[in-house]
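From first to last, the protein sequence lines stand for chains R and L.
Position in the first sequence counted from 1, then plus 43, gives you this note's numbering.
Position in the second sequence counted from 1, then plus 179, gives you this note's numbering.
C-beta atoms are modelled at their ideal positions from N, C-alpha and C, and glycine is treated no differently.
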Amino acid sequence: DAKTTQPPSMDCAEGRAANLPCNHSTISGNEYVYWYRQIHSQGPQYIIHGLKNNETNEMASLIITEDRKSSTLILPHATLRDTAVYYCIFTSGGGADGLTFGKGTHLIIQP
Amino acid sequence: GAGVSQSPRYKVAKRGQDVALRCDPISGHVSLFWYQQALGQGPEFLTYFQNEAQLDKSGLPSDRFFAERPEGSVSTLKIQRTQKEDSAVYLCASSLEGQPNEKLFFGSGTQLSVL
Numbered sequence: 044d045a046k047t048t049q050p051p052s053m054d055c056a057e058g059r060a061a062n063l064p065c066n067h068s069t070i071s072g073n074e075y076v077y078w079y080r081q082i083h084s085q086g087p088q089y090i091i092h093g094l095k096n097n098e099t100n101e102m103a104s105l106i107i108t109e110d111r112k113s114s115t116l117i118l119p120h121a122t123l124r125d126t127a128v129y130y131c132i133f134t135s136g137g138g139a140d141g142l143t144f145g146k147g148t149h150l151i152i153q154p
Numbered sequence: 180g181a182g183v184s185q186s187p188r189y190k191v192a193k194r195g196q197d198v199a200l201r202c203d204p205i206s207g208h209v210s211l212f213w214y215q216q217a218l219g220q221g222p223e224f225l226t227y228f229q230n231e232a233q234l235d236k237s238g239l240p241s242d243r244f245f246a247e248r249p250e251g252s253v254s255t256l257k258i259q260r261t262q263k264e265d266s267a268v269y270l271c272a273s274s275l276e277g278q279p280n281e282k283l284f285f286g287s288g289t290q291l292s293v294l
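This is the structure in structure tokens:
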């Protein structure tokens, strides 16, 4: 199974940037890094994904190290609604081979 | 509909009862997935359909679990003779074509409690 390592929990002040780290040292060349988040009582929500270049969309930025063994998800201006469990996943098949979620990072945004 | 819809939202069953959980994927989505999420854990893959074909059922925990998608749209996850350890949230997800690097859209899940 594809394995990632994330801190179990993190705090961030509202309005500040939230930087969530993920280690994926066993990632192979054709595997993408995906980030999903799960707000309480909802299903996971796709945030962003990337292969080796940094990516940005309307929700977040993804910074992948040059050796691709780790990445950081950045929420540039965190709000209380960003409180959720954030999952870092890597897979070569996208959805088709079934994502392997770990326990994720519980991000708590403090007012 | 706008998103993936699952019903019922909550289900309470007595041990030994059979249950059926329904998933309505986003219209036109080819791929459909079922996941099981225990309390405090991440979702775990159960099974995957492409249209009506069940291509992977390696995650189903026992032969009491059965999933179908007969017309390639709505799917049902059936659990026979429920046990306490089946208590979990069951999540359904769909994607447009099932191609690599497609994002999955998840429903809000069905919370099953077996007493």
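Between the CA atoms of residue j and residue i - distance to the nearest angstrom
| i | j | result |
| --- | --- | --- |
| residue 229 of chain L | residue 154 of chain R | 44 Å |
| residue 62 of chain R | residue 182 of chain L | 29 Å |
| residue 84 of chain R | residue 151 of chain R | 16 Å |
| residue 252 of chain L | residue 227 of chain L | 13 Å |
| residue 236 of chain L | residue 245 of chain L | 9 Å |
| residue 53 of chain R | residue 101 of chain R | 22 Å |
| residue 222 of chain L | residue 193 of chain L | 24 Å |
| residue 257 of chain L | residue 278 of chain L | 27 Å |
| residue 82 of chain R | residue 55 of chain R | 16 Å |
| residue 291 of chain L | residue 86 of chain R | 15 Å |
| residue 263 of chain L | residue 109 of chain R | 46 Å |
| residue 99 of chain R | residue 77 of chain R | 13 Å |
Beta carbon of residue i nearer than 8 Å to that of residue j
| i | j | result |
| --- | --- | --- |
| residue 173 of chain L | residue 196 of chain L | Lying before the first or after the last residue shown, residue 173 of chain L is absent from chain L, which here runs from 180 to 294. |
| residue 272 of chain L | residue 284 of chain L | yes |
| residue 147 of chain R | residue 128 of chain R | yes |
| residue 220 of chain L | residue 243 of chain L | no |
| residue 58 of chain R | residue 149 of chain R | no |
| residue 249 of chain L | residue 231 of chain L | yes |
Among the options, nearest to residue i - alpha-carbon criterion
| i | options | result |
| --- | --- | --- |
| residue 64 of chain R | R:130, R:56, R:143 | R:130 |
| residue 89 of chain R | L:238, L:215, L:210, L:280 | L:280 |
| residue 72 of chain R | R:125, R:119, R:86, R:107 | R:107 |
| residue 254 of chain L | L:242, L:217, L:190, L:270 | L:270 |
| residue 103 of chain R | R:66, R:69, R:93 | R:93 |
| residue 97 of chain R | R:115, R:81, R:86 | R:115 |
| residue 265 of chain L | L:215, L:238, L:204, L:282 | L:215 |
| residue 125 of chain R | R:69, R:60, R:105, R:49 | R:60 |
| residue 282 of chain L | L:208, L:240, L:200, L:239 | L:208 |
8 Å contact criterion, which residue i and residue j should meet: CB distance rounded
| i | j | result |
| --- | --- | --- |
| residue 142 of chain R | residue 224 of chain L | 7 Å |
| residue 47 of chain R | residue 117 of chain R | That pair is no contact at about 17 Å. |
| residue 274 of chain L | residue 210 of chain L | 5 Å |
| residue 191 of chain L | residue 294 of chain L | 7 Å |
| residue 112 of chain R | residue 67 of chain R | 6 Å |
| residue 75 of chain R | residue 134 of chain R | 7 Å |
Bridge-paired residues (DSSP) for residue i
| i | result |
| --- | --- |
| residue 58 of chain R | Looking at the DSSP assignment, residue 58 of chain R forms no beta bridge with any residue, so it has no partner. |
| residue 113 of chain R | R:66 |
| residue 152 of chain R | R:55 |
| residue 242 of chain L | BP columns for residue 242 of chain L are empty, so no partner. |
| residue 106 of chain R | R:115 |
| residue 132 of chain R | R:77 |
| residue 92 of chain R | R:77 |
| residue 99 of chain R | R:104 |
Proximity test, residue i beta-carbon vs the ligand GTP heavy atom, cut-off 7 Å
| i | result |
| --- | --- |
| residue 62 of chain R | No copy of the ligand GTP occurs in the structure displayed, which carries no ligand at all. |
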